[in-house]
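2 protein chains.
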Amino acid sequence: MTQLYLQDLAPGQVFHTAAITVERDAIIRFASEFDPQPFHLDDAAGRDSPLGGLAASGWHTAAMTMRLYVDSDFRLAGGSIGAGMEELRWPRPVFPGDVLRVRIEILGARASKTRPGHGIVRMRCTTLNQRDEPVQIYVSAVLCRSRPD
Amino acid sequence: MTQLYLQDLAPGQVFHTAAITVERDAIIRFASEFDPQPFHLDDAAGRDSPLGGLAASGWHTAAMTMRLYVDSDFRLAGGSIGAGMEELRWPRPVFPGDVLRVRIEILGARASKTRPGHGIVRMRCTTLNQRDEPVQIYVSAVLCRSRPD
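See the structure below:
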């Protein structure tokens with residue numbers, strides 16, 4: 237697996253992850269531990285909510301997105317440590333049986349002002365369902381290594 | 237438990253959650269499933285990384301924050317469904333043994349333009365460790381119900 241350094245990255249580059257099917261049991265298990273609200277746990281409560289059905293916690297979608305990202309070919313040297321997000325949105329719910337994948341688009345890459353030998357990569361990660369509809373969009377800044385001389 | 241409606245919320249209100257101790261096993265278990273990067277799994281890899289030690293995935297911190305929020309006295313009628321975040325930052329790592337709690341500050345509350353009977357609450361949620369240092373900060377917009385006439 238090729239490791240990517242700051243010098244390898246440029247605006248406009250796009251990377252794609254594999255896909256994962258979201259299991260109903262996984263939705264309920266995650267919600268039971270971290271976001272035990274009725275619409276993440278129960279069909280009837282989901283239907284009666286603005287989500288329109290039993291749906292994954294947004295944080296579960298974020299966590300699944302991270303797993304797809306980590307397992308993808310987009311592999312920063314030294315790993316991906318998030319410095320922060322400018323935005324994070326969940327434009328539509330994630331339902332049992334949905335198939336998710338992530339599109340990673342490089343928006344910029346620059347040297348770090350404070351950390352020698354490192355840079356900051358700005359990227360938009362869009363999580364899409366099986367109908368190519370965005371279910372999560374974030375823009376983040378991630379620390380990355382500069383290629384050794 | 238009192239349920240809060242749009243009319244109950246005003247800028248400047250502050251709510252506090254209970255606290256949770258972050259267990260080493262929980263850090264490794266979450267990371268194994270969702271963010272299997274070495275610095276979230278292994279002490280030596282953590283020490284060799286910019287995190288400075290085995291540290292929780294930021295998404296784990298976000299998930300633990302959500303659990304503290306859901307279990308708190310800040311209970312919106314109809315539950316908390318996030319419309320989106322303006323920012324999400326992890327200013328410092330979360331290490332095993334850290335004790336986290338969340339400060340919820342209402343920034344604004346207004347009627348929804350598109351969803352009758354609902355409003356949007358804007359809030360800043362700051363997750364603090366046992367030294368009162370922020371480990372996560374986000375500003376989010378959450379759907380809430382208007383009080384029935």
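Chains as they are written, first to last, in the numbering used here: chain A, 237 to 385; chain S, 237 to 385. Note that CB positions come from ideal geometry on N, CA and C, so glycine has one too.
Check, Outcome
"Could you give the distance in angstroms between the alpha-carbon of Glu322(A) and the alpha-carbon of Ile342(A)?", "14 Å"
"Tell me the rounded alpha-carbon separation between Ile356(S) and Cys380(S).", "6 Å"
"Could you list which residues in chain S have their beta carbon closer than 9 Å to that of Arg408(A), in chain order?", "For chain A, the structure presents residues 237 to 385; residue 408(A) sits outside this window and is missing."
"Does the pairing of the stretch 323-333 of chain A with the stretch 257-264 of chain A give three or more beta-carbon distances under 8 Å?", "yes"
"Excluding the five sequence neighbours on either side, which residues of its own chain have a C-beta within less than 6 Å of the C-beta of Gly318(S), listed in chain order?", "Ser376, Val378"
"Take the Cβ of Val335(A) as the centre, count every other Cβ of all protein chains shown within 10 Å, and call the residue buried at 16 or more, exposed below.", "exposed"
"When burial is assigned at 16 or more other CB atoms within 10 Å of the CB, is Thr297(S) buried or exposed?", "buried"
"For a cutoff of 8 Å on Cβ pairs, would you count Gln273(S) as touching chain A?", "yes"
"Under a CB-based cut-off of 8 Å, is Leu395(S) close to chain A?", "It is not possible to answer for residue 395(S), since the shown part of chain S is limited to 237 through 385."
"I want to see whether chain A comes within less than 8 Å of Arg325(S), judged by CB atoms only; does it?", "yes"
"Per DSSP, which residues does Gln243(A) bridge with? Please list them.", "BP columns for Gln243(A) are empty, so no partner."
"Listing by chain order, which chain A residues have their CB less than 8 Å from the CB of Ala298(S)?", "Trp295, Ala298"
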